[in-house]
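Comments concern the structure below.
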Amino acid sequence: MGTLVGHVAPGFGFFALGLWHLLNHIKLHALNPKYYTSMTWFPTSKKRYLELYLIMVGCSMSISMELFIGPARHQPLGPDGTIPSNHLHNFEHSTISLSIFVYALSAIILDKFAPNKSQHGLTLLVGASAFSQQLLLFHLHSADHMGVEGQYHLLLQVVIAISLLTTLMGIGYPKSFLISFVRSISVLFQGVWLMVMGFMLWTPQFMPKGCFMHLEEGHTVVRCGSHQALKRAKALVNVEFSWLLVLVMIFSMCLYMFFTKVYGGRVEYKSLSKYEEPEEVEDAEAQKKNKHFVDHMEKAFIPMDIER
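Positions in the sequence shown are counted from 1; adding 61 to them yields the numbering used here.
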């Protein structure tokens with residue numbers, strides 16, 4: 062990360078993964094809402110592990126870019142074998158990619174060797190560990206926490222926290238569609254926010270008024286000329302986040318309604334009186350039978366009383 066491409070490329074990966082899960086969870090729930098069970102990943106018809114393979118390839122490319130392709134010397138260490146301060150963020154970003162790589166690899170191994178009962182929970186647990194790594198490293202990020210970039214990272218942590226929480230909740234509630242739905246939206250929104258962050262922070266035309274790009278310790282950061290300009294820039298980031306959240310929710314709801322209409326069955330509604338009428342008829346017939354039985358027994362006992 063640290064560049065436009067470094068944010069847009071992984072952002073597109075998160076967006077594609079979140080959208081893929083969102084579509085599949087909606088379709089799975091619409092086809093059979095009563096027996097819906099959440100899935101941690103979705104196999105394809107031609108390649109069962111295609112989703113997980115793509116995640117592993119994307120993470121490998123990200124690690125390579127951060128540690129070997131991006132640095133000027135094509136390796137992350139300094140001449141004395143230590144990690145330079147301007148490469149700390151490369152190690153942080155590559156560690157996030159590594160944790161997601163481990164999740165994808167673990168999902169394949171668990172699918173092949175783990176029992177069915179424990180597979181779902183263990184896969185989600187590894188996924189939760191990846192989100193927790195992501196949240197921890199962005200919270201303790203070596204990059205700027207006080208400027209405009211820090212505000213973008215702060216709001217990103219909120220979305221990551223929702224992904225982490227819903228992943229952990231999915232272990233205990235595998236049949237909850239809402240948990241899977243919210244988790245998919247949060248992953249999708251992570252991608253949207255990362256892509257927007259890349260364009261807004263590293264495109265000079267999108268700089269907030271009073272702010273500018275400045276080269277510090279080998280990478281470009283956004284600085285503002287005054288406290289008022291910084292305050293205004295952070296407020297604009299908050300508004301931007303809110304608008305995008307509204308758009309993502311509208312998009313998700315439209316997808317849900319569309320796929321529910323396409324794949325969902327017809328729901329038949331009946332008034333309560335229709336269910337009550339047969340019972341009332343049965344009660345009336347039962348009362349008639351009981352009355353007929355009582356009358357018959359009375360007629361049978363009358364001759365016995367006369368004989369006595």
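Even for Gly, the Cβ is constructed at its ideal location relative to N, Cα and C.
Since we're looking at a predicted model, the values are computed, not measured.
Between the CA atoms of residue j and residue i - distance to the nearest angstrom
i    : j    : result
T143 : G131 : 17 Å
G286 : G271 : 6 Å
L226 : E153 : 22 Å
A189 : L229 : 6 Å
V307 : I232 : 28 Å
L215 : L255 : 12 Å
L291 : L249 : 28 Å
V187 : V163 : 8 Å
V300 : A175 : 46 Å
S237 : S245 : 13 Å
H86  : V298 : 31 Å
S125 : L197 : 22 Å
S121 : L201 : 23 Å
Reference residue i; option with closest CA among the options
i    : options                : result
G119 : V307, P71, L138, W102  : P71
N147 : V283, H288, E277       : E277
Q180 : S160, I124, F199, T101 : T101
F302 : S224, H288, Q218       : Q218
H280 : L149, L83, Y324        : L149
Burial state of residue i (16 or more Cβ within 10 Å)
i    : result
W304 : exposed
Y234 : exposed
S313 : buried
S155 : buried
T184 : buried
I311 : exposed
G139 : exposed
A294 : buried
S167 : buried
S106 : exposed
Beta-carbon proximity of residue i to residue j, cut-off 8 Å
i    : j    : result
V257 : V309 : no
Q195 : F75  : no
P104 : Y110 : yes
M24  : A191 : Because the chain is modelled from 62 through 369, residue 24 falls outside the range shown and cannot be assessed.
L80  : W263 : no
S99  : S241 : yes
I169 : L128 : no
S370 : S193 : Absent from the structure is residue 370, since the part of the chain shown begins at 62 and ends at 369.
Counting Cβ pairs, one atom from each stretch, are 3 or more of them under 8 Å apart for the segment 258–278 and the segment 205–218?
yes
Using 8 Å as the Cβ pair cut-off and three pairs as the minimum, do the segment 317–324 and the segment 81–93 touch?
yes
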